[in-house]
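The sequence shown begins at 109 in my numbering and counts up by one. C-beta atoms are modelled at their ideal positions from N, C-alpha and C, and glycine is treated no differently. Please read these numbers as outputs of a predicted model, since none were measured by experiment. One structure below.
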Amino acid sequence: MDTFLNEKALELKQGAIRAMFDRAKNFPGSINLGIGEPDLNTPEEIVEEGCNALRQGKTHYTANAGLIELREKISQYLSRQKINVDPDKEIIVTTGGMGGLALALMVTLSPGDEVLIQDPQWLNYYSQVKFFGGIPVPVPVKEENGFRLKAEDIEKKITPRTKVLMLNTPNNPTGAVLEYEDLVAISDLAKKYNLLVISDEVYSTLLYDGMEHHSIISLPDMKERTILVNSFSKAFAMTGWRIGYAAGNRVIIDKMIKLQENLVACVATPSQYAAMKALDALNRVSEMTEIYRERRDLIVEGLNNIKGISCIKPKGSFYVFPNIKALGKTSEEVANELLEKAGVITVPGSAFGAQGEGYLRISYANSLDNIKEALNRIEKYTKQLVR
Ligand SMILES: Cc1ncc(COP(=O)(O)O)c(C=O)c1O
């Protein structure tokens, strides 16, 4: 029977993370370390602002680019990171970071354009790029480099058809944070080969050990070839509000605004008011980051104490990417057995690209008690494999 679906839709599949959660429903009592969102709730004052907006009748469409007052606040926030963007022409408020990524790719990719994506990387990049007509080209990142994306590895994959480089720092799934020198080397490449950089910085506030966030857009002559994507989801525990933003090259932003007009009109108005409040509540971000740091220290130490597992200490996001090669099974086997035999939900590293094989992605957006219990369960499971 004709399904009426086009070829690209036929290729759409459920992502490995969601598939894992679906399977986990059959194992009640499992501890979820597979999750990619804060377990904490949105801070109360932000919730209050969203509710007030609704009560005050702010229930209408806004400008397609988002409320100008919000864009002004975003511009001020970015200026503290030495990023100068015009709130009127160079910022768009989007439906989460995902909305920004999708719009940027939709207005720039032509069929057959190659897009460089680090491997391993959050899965949506691959599916979005493919759906919008591009060809994802994986660039391996290596554990010995702390999973930092290196300019020399990028350069090896550049061809005359390369158009876009996707960057994601701090990173999902590895937790790696690019250093300033990494970004300088990558920006030199972008200029040399005339690449557009889509810089996904949705974890930019989740940094530890005194790390500072640097954005490639702030480097010389990069604004014209960069679309920065950020979000309120992770920093302010606002995943369900669906709000983020993109900033950069004004010609591209202009087309993203026009496309947004046609797709969703604008981001939900109460979310926009709540986001304005969020930018006034930056102290909440540091409080939450401190909570994650404590959890990261616990999980990294705990994993390194388990025979057969080694884990580098990432400097950002809320993921660790432990090496499980010594367990002698594929990452999918280990993730499945951890669910079935130990009651711990993780994501196989292979879900994030070929280079992710031999690793697991473990999220520590969960309570200290749950992390401790999960570590006990993981240790018990691994004891059957390595003695
Ligand atoms: C690397 C990365 N980028 C973007 C997003 C999108 O988040 P949101 O659309 O909620 O802002 C996520 C969510 O998990 C992510 O991990």
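{"Check": "Closer than 8 Å: R350 CB and nearest ligand 1 heavy atom", "Outcome": "yes"}
{"Check": "L209 CB to nearest heavy atom of ligand 1 below 8 Å", "Outcome": "yes"}
{"Check": "Start and end residues, alpha helix (DSSP H) containing T313", "Outcome": "Element bounds for T313: n/a, residue is neither H nor E."}
{"Check": "Residue closest to E152, alpha-carbon to alpha-carbon, out of A212, V272, G410 and A389", "Outcome": "A389"}
{"Check": "heavy atom of ligand 1 below 8 Å from N232 C-beta", "Outcome": "yes"}
{"Check": "Helix, strand or coil at T270 according to DSSP, with G and I counted as helix", "Outcome": "strand"}
{"Check": "Assigned secondary structure, T216 (DSSP; H/G/I helix, E/B strand, else coil)", "Outcome": "helix"}
{"Check": "Check: V337 C-beta below 8 Å from any heavy atom of ligand 1", "Outcome": "yes"}
{"Check": "Any beta strand (DSSP E) of 3 or more consecutive residues that is wholly inside the stretch 221 to 268", "Outcome": "222 to 227 and 243 to 248"}
{"Check": "Spatial distance of A210 from I306 (CA atoms)", "Outcome": "11 Å"}
{"Check": "Burial state of A434, where buried means 16 or more other Cβ atoms lie within 10 Å", "Outcome": "exposed"}
{"Check": "Residues that P456 bridges to, as DSSP identifies them", "Outcome": "L468"}
{"Check": "A462 burial status per 10 Å Cβ neighbour count (16 or more: buried)", "Outcome": "exposed"}
{"Check": "Beta-carbon proximity list for M346, same chain, < 6 Å, skipping 5 on both sides", "Outcome": "T150 and F340"}
{"Check": "Under 9 Å between C-beta atoms of Y316 and K423", "Outcome": "yes"}
{"Check": "8 Å contact criterion, which P430 and L446 should meet: CB distance rounded", "Outcome": "Going by Cβ atoms, the distance from P430 to L446 rounds to 12 Å, so no, they are not a contact pair."}
{"Check": "Inter-residue CB distance, S312 and N338 (contact presumed, cutoff 8 Å)", "Outcome": "6 Å"}
{"Check": "Contacts around Q226, its chain only, beta-carbon distance under 6 Å, and the 5 residues preceding and following it disregarded", "Outcome": "V247, V249 and L257"}
{"Check": "Beta carbon of I360 nearer than 9 Å to that of V193", "Outcome": "no"}
{"Check": "Ranges of the beta strand (DSSP E) found wholly within the stretch 315 to 392, counting only runs of at least 3", "Outcome": "334 to 339 and 352 to 356"}
{"Check": "Rounded separation between I200 and L273 - CA only", "Outcome": "20 Å"}
{"Check": "Residue environment, D296, which counts as buried when at least 16 other CB atoms sit within 10 Å", "Outcome": "exposed"}
{"Check": "First through last residue of the alpha helix (DSSP H) which encompasses V155", "Outcome": "E152 to R163"}
{"Check": "Buried versus exposed, by CB contacts within 10 Å (16 or more), A298", "Outcome": "buried"}
{"Check": "Simplified DSSP assignment, three categories, for I417", "Outcome": "coil"}
{"Check": "Nearest residue (CA-CA) to E119, options I143, K437, E156 and Q236", "Outcome": "Q236"}
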